[in-house]
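Participant: So the sequences go chain by chain: W and R. Position one of the first sequence corresponds to residue 1 (the numbering used here), numbered consecutively onward. Position one of the second sequence corresponds to residue 1001 (the numbering used here), numbered consecutively onward. C-beta atoms are modelled at their ideal positions from N, C-alpha and C, and glycine is treated no differently. Fair warning: this is a prediction, and the values are worked out from it, not measured in the lab. Below you will find the structure I want to go over with you.
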Amino acid sequence: MRHIISILVENKPGALSRISGLFSGRGYNIESLSVGVTNDPKVSIMTIVTKGDDKIVEQIIKQLRKLINTLKVRDVTQIEHIEREMFLIKVQALPKYRSDIFNIVNTFRAKVVDLTGESMVIEITGTKDKNQAFIKVLEPYGLIELVRTGSVAIGRGNKATTDFTKQDTKQI
Amino acid sequence: MIKTGAEILVESLKAENVEVIFGYPGGVMLGIYDTLFDADLRHILPRHEQGGTHAADGYARASGKVGVCFATSGPGATNTITGITNAHMDSVPMVVFTGQVPTVLIGGDAFQEADIIGITRPIVKHSYLVQDVDNLAQTIKEAFYIARTGRPGPVVVDLPKDVMAAKTKLKSDTKIDLPGYHPNYEGHPLQIKKLLKVIENAKKPVIHIGGGVIISEASEEIKKFSEKLHIPIISTFMGIGAIPTDHPNYLGWLGMHGNYASNTAITETDCLISIGTRFSDRSTGKIDGFAPNAKIAHIDIDPSSISKNVTIDVPIVGDCGKVMRQIFQYIDSYKWKKNEESRRKWLQETTEWNREKPFSYKHSEKVIKPQFVVEKISEITNGNAIITTEVGQNQMWAAQFYKFKHPRQFISSGGLGTMGFGFPAAIGAKIAYPDREVFDIAGDGSFLMNIQELCTAIQHRLNVKIAILNNKFLGMVRQWQHLFFNNRYSYTCLECQPDFVKLAESYGCVGLRTDKPEEVESVLKESMQIKDKPVVMDFAVDREENVFPMIPAGAALNEMIFDKR
């Protein structure tokens, strides 16, 4: 099963490699990893999407918590959450197809962020499924490049994602 | 007060009550060693950094204190890898200080540069690259704190040359700042009550203890618990010594070469109380066949050990000793009378198994049986010596035939299985306890792997005894080739070997040799007369003796093979 894990980690040199190394060393897979500093410059938040059965994911979370630099670890898929990923897509856009592409962009509520005589750069944010559906529709026009951020996720409700407790997960 | 990095290092080590450093100097360590020259700190120079790490490891296991190593950058640092991994696998507290090239050269492939933080990342509890002398004191304090608390382990601190030469004001109020590190020592009361409920209903409970019991010094509590409720105790290989071999409720140790009673009891128990163990594959055998009828409770300080290999019914995260003491707070509110009769019967039955099928071998008048040597060492030292081992058959025979009395008396590389560990570890143990007998029960293959440490031992007049069970084979590998590879002894024959007696003498040590069973005792007695230098004893043993019982790889604990002869 696919799991999204949110990790609050001290913003120290080597912290990222301890986490990514843990995944490779213990044979866990990473579908995507995204990381950025939080409001507190001493703390980063990392979102890792991984696949594994419950036993493996439980072990992944325990191993992550064991690292000295990690502050909080939460399996976001166990709580109600919002997941988003951003794509930047460079697509061929000859003048005769431009309006077609604009229509598709509007339908998906994406955004054109750059335009040249023969190409466009489009920005789209959404779930993985939506983004991929968008790519599929664009493909016939000629995809030049695709850049993606990897998923980020946040829990619904009042609490910070990594502050959800076991009790919160049971209600859902 | 203004101090250099090197001076802060020395001050910090003293503040941590470090008694001894196992260190090897080198280019980037010159400044540190210059400061060390006048410092009132004991320094032991191993003859290879690997030996230094194993000595620090042996010192830590024998004493319970943190072992400290120094190594220079590059090759010095990479030579510590096996020792660090070994300590990591067996949860040994150690702080390894490595030299590093100056910060401005890092990343430029400088002379003797190695990214030791990167290289050691998967084998340390934590690591630090000190980039600013202002952080040095706090880093060292944190390193020692992390190494010895929670589940202990090795910490690497990488010290660039310029940082150690830089000067700063030494603050007196250095504080630890580890917001992500909070080991949990107290067990959850609800879980403890759940555990007691499970034991209350059990008819065939077993206490199953690992190395964690030795680390947390919980032996007395476990004995008391076992005696009060009449529950047999089984240890893992790493738990050997936690309970005296001759304790009436102690069945022995389980696993690949464990005894019949332990392996059978695990297979039949209905309630396994596992304490301070990580369920290694060598101890569980095939997982499906491990305690198949039991509810399993697990007390351990490391949450990631729980349900990692074996699924646990009652997990309790906490320090073994502390949780045992908590158990005693609640123990009297349970109805122990209910199953007392069954438990007593079970205890009797399991201890009977031990009488029926103890560890055994066939003695010979013609050729020295390796097990006989271990038995004699046990007799002559009255079960009080600190025993270190190498890895392989020597290790298993030492574990099977020495009659241990105390925790921290058996020092062996369990998790990593490091050949060459035993002798330097014996040096470390002897430094921790200069007045105790220390024996390294060795194989001829393993001993050669760190033989250079004879020089360290003689330099410091360390009276360690090395008993080589010399079969001129890599015995354990040969045994597997014999059992599973049709006697094809591919590259396991070590017929080309040095004259160990002359070799010992060349270092200034004493060398003794025999190939006659009737001389084993006299050789050992002679070694006991020597008090001021290492003694190497070369026992030419039965070359193709095997270790039994044995559980083949992938088989369950009840599928033991016994000696067919």
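Evaluate the contact criterion for the segment 1365 to 1383 of chain R versus the segment 1465 to 1476 of chain R: three or more CB pairs, one atom per stretch, below 8 Å.
Facilitator: Yes, they touch.
Participant: Mind checking which residues open and close the beta strand (DSSP E) that includes A153 of chain W?
Facilitator: Counting from 1 along the first sequence, the entry for residue 153 of chain W is found at position 153. Per DSSP, A153 of chain W belongs to the beta strand (DSSP E) from 152 to 155.
Participant: DSSP three-state call for E123 of chain W: helix, strand or coil?
Facilitator: The count along the first sequence starts at 1 and reaches residue 123 of chain W at position 123. Three-state DSSP puts E123 of chain W in a strand.
Participant: Is R1042 of chain R close to chain W? Criterion is C-beta to C-beta, closer than 8 Å.
Facilitator: Position 42 of the second sequence, counted from the first residue, corresponds to residue 1042 of chain R. Answer no: the Cβ-Cβ gap between R1042 of chain R and chain W never drops below 8 Å.
Participant: Would you mind working out which of R:N1470, R:N1201, R:P1025 sits nearest R1543 of chain R, comparing C-alpha positions?
Facilitator: On the second sequence, residue 1543 of chain R is found 543 positions in, with the first residue counted as 1. Taking each of R:N1470, R:N1201, R:P1025 in turn and checking the Cα distance to R1543 of chain R, the smallest one comes out for R:N1470.
Participant: Please check if any C-beta of chain R sits within less than 8 Å of the C-beta of T70 of chain W.
Facilitator: Counted from its first residue, the first sequence places residue 70 of chain W at position 70. Yes, T70 of chain W counts as interfacial toward chain R.
Participant: Which partner residues of P1183 of chain R appear in the DSSP bridge assignment?
Facilitator: Residue numbering aside, residue 1183 of chain R sits at position 183 when the second sequence is read from its first letter. Looking at the DSSP assignment, P1183 of chain R forms no beta bridge with any residue, so it has no partner.
Participant: Just reading off the alpha helix (DSSP H) that E1341 of chain R is part of, what are its end residues?
Facilitator: In the second sequence, the residue the question calls residue 1341 of chain R occupies position 341. 1340 to 1356 is the extent of the alpha helix (DSSP H) around E1341 of chain R.
Participant: Would you say G27 of chain W faces chain R, with C-beta separation under 8 Å as the test?
Facilitator: Stepping through the first sequence from its first residue, residue 27 of chain W is reached at position 27. Output row for G27 of chain W: interface = no.
Participant: For the segment 1128 to 1148 of chain R against the segment 135 to 148 of chain W, are there 3 or more C-beta pairs whose distance is under 8 Å?
Facilitator: no
Participant: Beta-carbon of P1152 of chain R versus every beta-carbon of chain W: anything under 8 Å?
Facilitator: What you label residue 1152 of chain R is simply residue 152 of the second sequence in a count that begins at 1. Not closer than 8 Å to any Cβ of chain W, the Cβ of P1152 of chain R fails to qualify, so no.
Participant: Following the continuous alpha helix (DSSP H) through Q1409 of chain R, name the residue where it begins and the one where it ends.
Facilitator: The residue labelled residue 1409 of chain R in the question sits at position 409 within the second sequence. Neither: Q1409 of chain R is in no alpha helix (DSSP H) and is coded neither H nor E.
Participant: For L1045 of chain R and T1456 of chain R, I'd like the C-alpha separation in whole angstroms.
Facilitator: Counting from one through the second sequence, the residue named residue 1045 of chain R turns up at place 45. Counting from one through the second sequence, the residue named residue 1456 of chain R turns up at place 456. Rounded to the nearest angstrom, the two C-alpha atoms are 7 Å apart.
Participant: Relative to the C-alpha of D54 of chain W, which candidate in R:F1359, R:K1308, R:L1462, R:V1018 has its C-alpha closest?
Facilitator: Your numbering for residue 54 of chain W matches position 54 in the first sequence. Of the candidates R:F1359, R:K1308, R:L1462, R:V1018, the one whose C-alpha sits nearest the C-alpha of D54 of chain W is R:K1308.
Participant: Using only CA atoms, which one of W:L94, W:V113, W:V152 lies nearest to H81 of chain W?
Facilitator: Against the first sequence, residue 81 of chain W aligns to sequence position 81. When each option's Cα is compared against that of H81 of chain W, the closest is W:V152.
Participant: Bridge partners for D173 of chain W per DSSP, in chain order?
Facilitator: Nothing about residue 173 of chain W can be reported from this structure: the residues present for chain W run from 1 to 172 only.
Participant: Can you find the residues in the same chain that come closer than 8 Å, C-beta to C-beta, to C1509 of chain R, ignoring five residues on each side of it along the sequence?
Facilitator: Start at 1 with the first residue of the second sequence, and residue 1509 of chain R comes out as number 509. Excluding positions up to five away in sequence, the list reads L1454, A1457, I1458, K1533, P1534, V1535, V1536.
Participant: Give the DSSP-derived three-state secondary structure of I1199 of chain R in the structure shown.
Facilitator: Numbered from its first residue, the second sequence carries residue 1199 of chain R at position 199. Correct three-state label for I1199 of chain R: helix.
Participant: Could you work out which residues of chain W lie near G1180 of chain R, taking near to mean beta carbons separated by less than 7 Å?
Facilitator: Numbered from its first residue, the second sequence carries residue 1180 of chain R at position 180. The answer, in chain order, is E10, I68, N69, T70, L71.
Participant: Tell me the rounded alpha-carbon separation between M1238 of chain R and A1398 of chain R.
Facilitator: For the purposes of this step, residue 1238 of chain R is taken as the residue at position 238 of the second sequence. For the purposes of this step, residue 1398 of chain R is taken as the residue at position 398 of the second sequence. One alpha carbon belongs to M1238 of chain R, the other to A1398 of chain R, and they sit about 13 Å apart.
Participant: Residue ranges of each beta strand (DSSP E) run of no fewer than 3 residues wholly in the segment 1078 to 1138 of chain R, ordered along the chain?
Facilitator: 1094 to 1100, 1126 to 1129
Participant: Can you list, in chain order, the residues of its chain with a C-beta nearer than 7 Å to that of K1526 of chain R? Leave out the 5 residues immediately preceding and following it.
Facilitator: Counting from 1 along the second sequence, the entry for residue 1526 of chain R is found at position 526. The question names Lys, yet the displayed sequence has Glu at residue 1526 of chain R. Closer than 7 Å at the Cβ level, and outside the excluded window around E1526 of chain R, lie L1512.
Participant: Measure the C-alpha to C-alpha separation of K1335 of chain R and G1241 of chain R and round it to an integer number of angstroms.
Facilitator: Here residue 1335 of chain R refers to the residue found at position 335 when the second sequence is read from its first residue. Here residue 1241 of chain R refers to the residue found at position 241 when the second sequence is read from its first residue. Their backbone Cα atoms lie some 31 Å apart in a straight line.
Participant: At least one CB of chain R closer than 8 Å to the CB of T161 of chain W: is that the case?
Facilitator: As a first step, residue 161 of chain W must be located in the first sequence, where it is residue number 161. Chain R, which has no Cβ nearer than 8 Å to the Cβ of T161 of chain W, makes this no.
Participant: Give a yes or no on whether 8 Å exceeds the smallest Cβ distance from G36 of chain W to chain R.
Facilitator: As a first step, residue 36 of chain W is located in the first sequence; it is residue number 36 there, counting from the start. So no, G36 of chain W is outside the interface.
Participant: When the distance is taken between beta carbons, is T1389 of chain R closer than 8 Å to A1261 of chain R?
Facilitator: Along the second sequence, read from residue 1 onward, the residue named residue 1261 of chain R stands at position 261. Along the second sequence, read from residue 1 onward, the residue named residue 1389 of chain R stands at position 389. Remark: C-beta atoms of A1261 of chain R and T1389 of chain R do not approach each other more closely than 8 Å.
Participant: Would you call the segment 1415 to 1433 of chain R and the segment 1081 to 1097 of chain R in contact, with 3 or more CB pairs under 8 Å?
Facilitator: yes
Participant: By Cβ distance below 8 Å, which residues in the same chain neighbour Q171 of chain W in space, the five residues on each side in sequence not counted?
Facilitator: For the purposes of this step, residue 171 of chain W is identified with residue 171 of the first sequence, where counting begins at 1. Per-residue confidence for Q171 of chain W stands at a pLDDT of 44, beneath the threshold of 50, marking its modelled position as unreliable; the derived number appears in the next sentence. Around Q171 of chain W: no qualifying Cβ.
Participant: Sorted by chain position, which residues of the same chain lie with C-beta nearer than 6 Å to E1016 of chain R's C-beta, five sequence neighbours on each side aside?
Facilitator: In the second sequence, residue 1016 of chain R corresponds to position 16, counting from 1. Same-chain partners within the cutoff: F1144.
Participant: Please go through the same chain and pick out, in chain order, the residues whose beta-carbon is closer than 6 Å to the beta-carbon of G1392 of chain R, but skip the five residues on each side of it.
Facilitator: As a working note, residue 1392 of chain R is residue 392 in the second sequence. Here the set comprises G1443, G1475, M1476.
Participant: Pull out every residue of the segment 37 to 60 of chain W whose Cβ sits closer than 8 Å to any Cβ of chain R, in chain order.
Facilitator: K55, E58, Q59
Participant: Who are the Cβ neighbours of H1043 of chain R in its own chain at under 7 Å, not counting the five residues just before and after it?
Facilitator: Indexing the second sequence from 1 puts residue 1043 of chain R at position 43. I1021, G1023, L1036, listed in sequence order.
Participant: Taking only beta-carbon positions, decide if M1550 of chain R is within less than 8 Å of chain W.
Facilitator: Indexing the second sequence from 1 puts residue 1550 of chain R at position 550. Output row for M1550 of chain R: interface = no.
Participant: Can you tell me whether DSSP reads L1503 of chain R as helix, strand or coil?
Facilitator: Numbered from 1 along the second sequence, position 503 holds the residue referred to as residue 1503 of chain R. L1503 of chain R falls in the helix class under three-state DSSP.
Participant: Using a Cβ-Cβ cut-off of 8 Å, state whether K1193 of chain R counts as contacting chain W.
Facilitator: Within the second sequence, numbered from 1, the residue matching residue 1193 of chain R stands at position 193. Not an interface residue.
Participant: If I measure Cβ to Cβ from N1354 of chain R and keep anything under 8 Å in the same chain, skipping five residues before and after, which residues do I get?
Facilitator: Taking the first residue of the second sequence as position 1, residue 1354 of chain R is located at position 354. So the list reads L1251, G1252, N1259, Y1260, A1261, once near-sequence residues are dropped.
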